[in-house]
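Chemist: Residue numbers (the UniProt record's numbering), protein chains in the order written: chain S, 1 to 309; chain P, 1 to 309. Ideal placement from N, C-alpha and C gives every residue a C-beta, glycine not left out. Below is the structure I would like to discuss, written out as structure tokens.
Protein chains: 2
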Amino acid sequence: MNKSIKVSVPATVSNVGPGFDIMGFALNVPVEEMILTIKQKPEIKIKKITGDKNKLPFDINKNTATVALKKMLDKLNTNIGIELEINKKLNSGSGLGSSAASAVASVFALNEILNKPFSKNELLEFALQGEAVASGSIHADNVAPCLFGGFILIRDYNPIDLIKIKSPKNLFCSVLHPQFEIKTSDARKLIKKNYTLKELLTQTSNAAGLVTALLKSDYELIKRSLNDVVAEPARAKLIPGFYEIKNRALENGALGCSISGSGPSIFAFSKSLDEAINIGNEMKKVSSRYTKKNIIYVSSINNDGPQVI
Amino acid sequence: MNKSIKVSVPATVSNVGPGFDIMGFALNVPVEEMILTIKQKPEIKIKKITGDKNKLPFDINKNTATVALKKMLDKLNTNIGIELEINKKLNSGSGLGSSAASAVASVFALNEILNKPFSKNELLEFALQGEAVASGSIHADNVAPCLFGGFILIRDYNPIDLIKIKSPKNLFCSVLHPQFEIKTSDARKLIKKNYTLKELLTQTSNAAGLVTALLKSDYELIKRSLNDVVAEPARAKLIPGFYEIKNRALENGALGCSISGSGPSIFAFSKSLDEAINIGNEMKKVSSRYTKKNIIYVSSINNDGPQVI
């Protein structure tokens, strides 16, 4: 009999204003789902991918889910047969950590089905290596919040030093996803290579302000700290109507608003579900003037990471 | 009869590693003392300054204490006679917030004697303007921790946005003061005007790491986060033997070590008073090879600010 497990992993918002390249957080909605089945035949296979409009590779050396799995099997030094069904509820190129979600889902699922031979810190390494095939280099700002939940600060990579910050209780997030794709590599090219001392100090004090705000549940300080002088000013032009959308969110009470990952998704914080729903709808209204199709997600912050469902 | 008050205000360490220009904290030792006396004759006068080796001005338009007082009296729109005795236990040019301490002491003392017409936030404005005559521009990274105690993050100046972070309970500080003077203006000239993206990200993630560490009382994270890519590498050469002193502190268990303000004082954190005493002595041993006279202070963190004594 084949043993099977179904898991759900969270979408993630990376960058988080002044936390460019060093912060990310996880959402309860949307999630990506995956079914992992142990097979007799010792091979890794992707049986089915739904919801991706045929964009993602079935080649197990190119899909982040199977690359991560292979790293894990190498470490286990074993030859298990594995079959995956991937339900891509997160579109690739949305800026919501789609490739990270696949990498986390597969290693989390296999670890659960094998009775947890690895710690989450070990799973992180496999998932990072999996996600690197999509982004071209090791980045933890989606993978880490996807796996651990909450807000994650990546203090260093050598060695990796992650700090988890649990979300304030009443923090909600509206995400607008205008339906077009931005390539991470294109968005990265827009980031300036050099900064003035003043820019450095602004980014530093706001990032320190943001983590303080989260740890103290100081909602107004979240709002004041959500200033980014690195990514947002460089990438705003990739998203038609960005500043109008942001202003609409702020006018409706959002505790800050910025680009999720390399976009085009835009996130905004608020203090209640009702506000978050209203802000999402208002953002969509503005974005609809520029982009035909827009999806809104409204979510609390996921503090736990992946789940078996 | 003349009414008189004696106050004690804390020395402060500004910059704090990755918190260059945006953070400072207050010490319980050393302190500066001041006696303020209300007089009949409506004039401001500095009667006596001790402990400063005749370096500080008696001119009330040049001493930070009296400039701050004048700003406060302007706001009160009154003509009180005031006489000050300043006991400079903090040397100017030591990097321990001496000029800020004088500015805070005088406005705090007058506010107390007048039954607190002003809030601490209002006193901050007067003290900042007083301290500016010494430093040439408005800087809050000594004045704010001196007035409020604890660690202070300065998120912004327009308008000023200070965030107080109470010190972890068991945090101690060793301060080595090699007895020579560094002019703040000379030290500032050494700071680079431009930074790479990598430098910006390193400073940002470490500053965020440091405030997280303080808020979570995570002593090991304090140590890992106390990396500064802006001021320390530029200014180390001003302090003979700096890296040897720092290494000696770290070898003896210090939770990080860096330059206080623009130097020459050097601070090191530790988890117990015994460790702090030992680390101070070890730092002094190394520094004595380079600088003839060295003073050591060992202190807990002052969480309250000035006191009436």
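Taking its Cβ as the centre, do 16 or more other Cβ atoms sit within 10 Å of P/Gln-179, making it buried, or is it exposed?
Modeler: Position 179 of the second sequence, counting from 1, holds the residue named residue 179 of chain P. Classification for P/Gln-179: exposed.
Chemist: Alpha carbon to alpha carbon, how far is S/Val-175 from S/Lys-246? Give it in angstroms, no decimals.
Modeler: As a position in the first sequence, residue 246 of chain S is number 246, starting the count at 1. As a position in the first sequence, residue 175 of chain S is number 175, starting the count at 1. Going by the C-alpha atoms only, they are around 11 Å apart.
Chemist: Within the 7 Å Cβ cut-off, does S/Arg-155 reach chain P?
Modeler: For the purposes of this step, residue 155 of chain S is identified with residue 155 of the first sequence, where counting begins at 1. Cβ-Cβ to chain P under 7 Å: yes for S/Arg-155.
Chemist: For a test of the three-state rule: what should DSSP assign to P/Gln-40, helix, strand or coil?
Modeler: Sequence index remark: in the second sequence, residue 40 of chain P carries index 40 (1-based). It is coil, neither helix nor strand.
Chemist: I need the straight-line Cα distance from S/Leu-69 to P/Asp-161, nearest angstrom please.
Modeler: Numbered from 1 along the first sequence, position 69 holds the residue referred to as residue 69 of chain S. Numbered from 1 along the second sequence, position 161 holds the residue referred to as residue 161 of chain P. Distance between the alpha carbons of S/Leu-69 and P/Asp-161 is about 47 Å.
Chemist: Would you list the one or two residues that DSSP bridges to S/Ala-26?
Modeler: In the first sequence, the residue the question calls residue 26 of chain S occupies position 26. Per DSSP, S/Thr-12.
Chemist: May I ask which residues mark the beginning and end of the alpha helix (DSSP H) holding P/Asn-2?
Modeler: Position 2 of the second sequence, counted from the first residue, corresponds to residue 2 of chain P. Note, P/Asn-2: premise wrong, no alpha helix (DSSP H); not H, not E.
Chemist: At what residue ranges does the region 40-86 of chain S contain a whole run of the beta strand (DSSP E), taking only runs of 3 or more?
Modeler: Here the runs fully enclosed are 44-50.
Chemist: Look up residue 366 of chain S in the DSSP assignment and say whether it is helix, strand or coil.
Modeler: The question about residue 366 of chain S has no answer here: the residues shown for chain S are numbered 1 through 309.
Chemist: Measure the alpha-carbon distance for P/Phe-43 versus P/Glu-33 and round it to whole angstroms.
Modeler: As a position in the second sequence, residue 43 of chain P is number 43, starting the count at 1. As a position in the second sequence, residue 33 of chain P is number 33, starting the count at 1. Per the sequence shown, the amino acid found at residue 43 of chain P is Glu instead of Phe. Distance between the alpha carbons of P/Glu-43 and P/Glu-33: 21 Å.
Chemist: Per DSSP, what are the beta-bridge partners of P/Ile-296 in this structure?
Modeler: As a working mapping, residue 296 of chain P is identified with position 296 in the second sequence. P/Ile-296 pairs with P/Leu-176.
Chemist: Where does P/Lys-251 fall in DSSP's three states?
Modeler: As a working mapping, residue 251 of chain P is identified with position 251 in the second sequence. The question names Lys, yet the displayed sequence has Glu at residue 251 of chain P. Looking at P/Glu-251 - three-state DSSP - the assignment turns out to be helix.
Chemist: Establish whether the CB of P/Tyr-297 and some CB of chain S are separated by less than 7 Å.
Modeler: Position 297 of the second sequence, counting from 1, holds the residue named residue 297 of chain P. P/Tyr-297 does not count as touching chain S.
Chemist: DSSP on P/Phe-242, reduced to helix/strand/coil?
Modeler: Residue mapping note: residue 242 of chain P aligns to position 242 of the second sequence, counting from 1. Three-state DSSP puts P/Phe-242 in a helix.
Chemist: Could you work out which residues of chain P lie near S/Met-194, taking near to mean beta carbons separated by less than 8 Å?
Modeler: As a working mapping, residue 194 of chain S is identified with position 194 in the first sequence. Per the sequence shown, residue 194 of chain S should be read as Asn rather than Met. Under the 8 Å cutoff, chain P gives Asn-194, Tyr-195, Thr-196, Leu-197.
Chemist: Note down, in chain order, every chain P residue with its Cβ under 8 Å from the Cβ of S/Ile-22.
Modeler: Looking up residue 22 of chain S in the first sequence gives position 22. Neighbours of S/Ile-22 on chain P, chain order: Leu-201, Thr-204, Ser-205, Ala-208.
Chemist: Which residue's Cα is closest to the Cα of S/Gly-81: S/Tyr-157, S/Leu-190, S/Asn-2, S/Arg-155?
Modeler: Taking the first sequence and counting its residues from 1, the one referred to as residue 81 of chain S is at position 81. S/Gly-81 has its Cα closest to that of S/Asn-2, out of S/Tyr-157, S/Leu-190, S/Asn-2, S/Arg-155.
Chemist: Restricting to Cα atoms, I'd like to know which of P/Val-13, P/Asn-170, P/Tyr-157, P/Ile-165 is closest to P/Ser-272.
Modeler: On the second sequence, position 272 is the one that residue 272 of chain P refers to. Taking only the C-alpha atoms, the option nearest P/Ser-272 is P/Asn-170.
Chemist: Are the Cβ atoms of residue 392 of chain S and S/Leu-238 separated by less than 7 Å?
Modeler: The structure shown does not extend to residue 392 of chain S, since chain S is modelled only from 1 to 309, so the question has no answer here.
Chemist: Would you say the region 16-26 of chain S touches the region 138-150 of chain S, given that touching needs at least three Cβ pairs under 8 Å?
Modeler: Short answer: they touch.
Chemist: Run the CB neighbour count on S/Gln-203, radius 10 Å, all protein chains shown included, and call it buried at 16 or more, exposed below.
Modeler: Position 203 of the first sequence holds residue 203 of chain S. The residue in question, S/Gln-203, is buried, as its Cβ has 16 or more Cβ neighbours within 10 Å.
Chemist: Checking 7 Å against the spacing of the C-beta atoms, do P/Tyr-297 and P/Pro-10 come in under that value?
Modeler: Taking the first residue of the second sequence as position 1, residue 297 of chain P is located at position 297. Taking the first residue of the second sequence as position 1, residue 10 of chain P is located at position 10. It is not a contact, given that the beta carbons lie outside the stated cut-off.
Chemist: Using the C-alpha atoms, what's the distance from P/Val-104 back to S/Gly-279?
Modeler: In the first sequence, residue 279 of chain S corresponds to position 279, counting from 1. In the second sequence, residue 104 of chain P corresponds to position 104, counting from 1. In the sequence under discussion, the amino acid at residue 279 of chain S is Ile, which differs from the Gly named in the question. If you take the alpha carbons of S/Ile-279 and P/Val-104, they lie about 44 Å apart.
Chemist: How far does the beta strand (DSSP E) with P/Lys-164 in it extend, from its first residue to its last?
Modeler: Position 164 of the second sequence, counted from the start, is the residue given in the question as residue 164 of chain P. Taken as a continuous stretch (DSSP letters only), the beta strand (DSSP E) holding P/Lys-164 covers 160-165.
Chemist: Counting only beta-carbon separations shorter than 7 Å, does P/Thr-50 have a partner in chain S?
Modeler: Here residue 50 of chain P is taken as the residue at index 50 of the second sequence, counted from 1. No, because no Cβ of chain S sits closer than 7 Å to the Cβ of P/Thr-50.
Chemist: Measure how close the beta-carbons of P/Phe-25 and P/Ile-301 come, nearest whole angstrom, since I'm counting them as under 8 Å.
Modeler: One-based indexing of the second sequence puts residue 25 of chain P at position 25. One-based indexing of the second sequence puts residue 301 of chain P at position 301. Contact holds; Cβ gap of about 6 Å.
Chemist: Ordered along the chain, which non-local residues of its own chain (more than five positions away) have a Cβ less than 7 Å from that of P/Ser-265?
Modeler: The count along the second sequence starts at 1 and reaches residue 265 of chain P at position 265. Cβ neighbours of P/Ser-265 beyond the five flanking positions: Ser-94, Gly-95, Leu-96, Val-175, Leu-176, His-177.
Chemist: Within the 7 Å Cβ cut-off, does P/Ile-163 reach chain S?
Modeler: Translated into the one-based positions of the second sequence, residue 163 of chain P becomes position 163. It does; some Cβ of chain S falls within 7 Å.
Chemist: Answer yes or no: do S/Phe-269 and S/Cys-146 have a C-beta to C-beta separation smaller than 7 Å?
Modeler: In the first sequence, the residue the question calls residue 269 of chain S occupies position 269. In the first sequence, the residue the question calls residue 146 of chain S occupies position 146. For S/Phe-269 and S/Cys-146, no; Cβs fall outside 7 Å.
Chemist: Okay, do the region 84-92 of chain P and the region 150-158 of chain P touch, 3+ Cβ pairs below 8 Å being the bar?
Modeler: With the cut-off at 8 Å, the region 84-92 of chain P and the region 150-158 of chain P do not touch.
Chemist: Near S/Ser-99, what residues of its chain come up, given a Cβ to Cβ distance below 6 Å and the 5 sequence neighbours on each side ignored?
Modeler: Within the first sequence, the letter at position 99 stands for residue 99 of chain S. So the qualifying residues of the chain are Thr-64, Glu-131, Ala-134.
Chemist: Is it buried or exposed for P/Asp-228, if we count other Cβ within 10 angstroms and need 16 for buried?
Modeler: The residue labelled residue 228 of chain P in the question sits at position 228 within the second sequence. Buried, since its Cβ has 16 or more Cβ neighbours within 10 Å.
Chemist: Please return the same chain residues whose Cβ sits closer than 6 Å to the Cβ of S/Lys-166, not counting the five positions on each side in sequence.
Modeler: Position 166 of the first sequence, counted from the first residue, corresponds to residue 166 of chain S. Gly-150, Asn-303, listed in sequence order.
Chemist: According to DSSP, what are the bridge partners of P/Phe-151?
Modeler: The residue you call residue 151 of chain P lines up with position 151 of the second sequence. Looking at the DSSP assignment, P/Phe-151 forms a beta bridge with P/Phe-25, P/Ile-165.
Chemist: P/Ser-8 and P/Ile-295: beta carbons closer than 7 Å?
Modeler: Here residue 8 of chain P corresponds to residue number 8 of the second sequence, with the count starting at 1. Here residue 295 of chain P corresponds to residue number 295 of the second sequence, with the count starting at 1. No; because the gap between Cβ atoms is not below 7 Å, this pair is not in contact.
Chemist: Would you say P/Lys-53 and P/Glu-83 are within 7 Å of each other, going by their C-beta atoms?
Modeler: To locate residue 53 of chain P, count along the second sequence from 1; it is residue 53. To locate residue 83 of chain P, count along the second sequence from 1; it is residue 83. No, the pair does not count as a contact, with Cβ atoms beyond the cut-off.
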